[in-house]
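Residue numbers (the working numbering): 26 to 261.
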């Protein structure tokens, strides 16, 4: 049985995704500071502000559940500042946000690849290995108050793009950025759909080929390509 690891497993995207993968035969491990999912999914205590603990998390998951062939990084830190004062963030808060949004994902992607290599072609099967980062529109746009949040997102977006298009072209490994949108291409300020994420993420994991690394998608429609948007001002 293949193994899925969800890092940052909450009651919406995490729960729906865990259920979807379990229903098709995956063993599911979930990692977060507190257990919020059905106890049938093995929970590992993990704090994404501490990237140095990521290798230990993967070691424990390997030992207790199995080597993950699919890893979904769903944790985030949405620190918000005054739009007119992007430098008000204390440096320790800045470091904490960057750890959650960029440094821990960087380490997790590296640990995922180590797992893919250890599983090998036979262990990965025809579907290969998959790493998915739950992102948003901030990798291609700016929005008032989201300077720090956006900096972390765009850095990790570059990582995903590089892994997908440069680093592992000759390997059966896939890397994705997931970004749910409204049907007109605008971001969802609230109301992300767990089932929509689960449906797309399972589809990406099952496809042995790398699709477009930036997976902008709409509930009920799946992957949709939208024009680049330079700025977004949320309605009050």
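A virtual CB, placed ideally from N, CA and C, is assigned to each residue, including glycine.
Status (buried if at least 16 other CB within 10 Å, exposed otherwise) for residue i
i	result
residue 32	buried
residue 191	exposed
residue 255	exposed
residue 199	buried
residue 112	exposed
residue 178	buried
residue 233	exposed
residue 188	buried
residue 93	buried
residue 97	buried
residue 27	buried
residue 109	exposed
residue 245	exposed
residue 247	exposed
Straight-line gap, residue i to residue j (C-alpha atoms, nearest Å)
i	j	result
residue 55	residue 30	6 Å
residue 165	residue 253	7 Å
residue 251	residue 162	11 Å
residue 211	residue 88	42 Å
residue 169	residue 143	44 Å
residue 57	residue 34	6 Å
residue 52	residue 41	14 Å
residue 193	residue 117	34 Å
residue 47	residue 249	27 Å
Closest by C-alpha distance to residue i, when choosing among the options
i	options	result
residue 45	90, 178, 227	227
residue 125	194, 248, 79	79
residue 114	89, 72, 172	172
residue 74	204, 237, 175, 131	131
residue 72	99, 144, 143	99
residue 241	217, 231, 258, 259	217
residue 86	40, 133, 48	133
residue 204	157, 141, 258	157
residue 101	91, 76, 153	76
residue 206	258, 222, 247, 243	243
residue 186	59, 119, 237	237
residue 159	258, 182, 141	182
Beta bridge counterpart(s) of residue i as assigned by DSSP
i	result
residue 198	154
residue 67	54
residue 98	32, 158
residue 206	212, 243
residue 258	DSSP, once it has assigned bridges, lists no residue as partnering residue 258.
residue 248	242
residue 93	28
heavy atom of the ligand GTP below 6 Å from residue i C-beta
i	result
residue 126	The ligand GTP is absent from the structure shown, which contains no ligand whatsoever.
Exercise. So, do the region 56 to 70 and the region 101 to 108 have three or more beta carbon pairs nearer to each other than 8 Å?
Worked result: no
Problem set entry | Inter-stretch contact at 8 Å, needing at least 3 Cβ pairs: the region 117 to 136 / the region 144 to 151 | no
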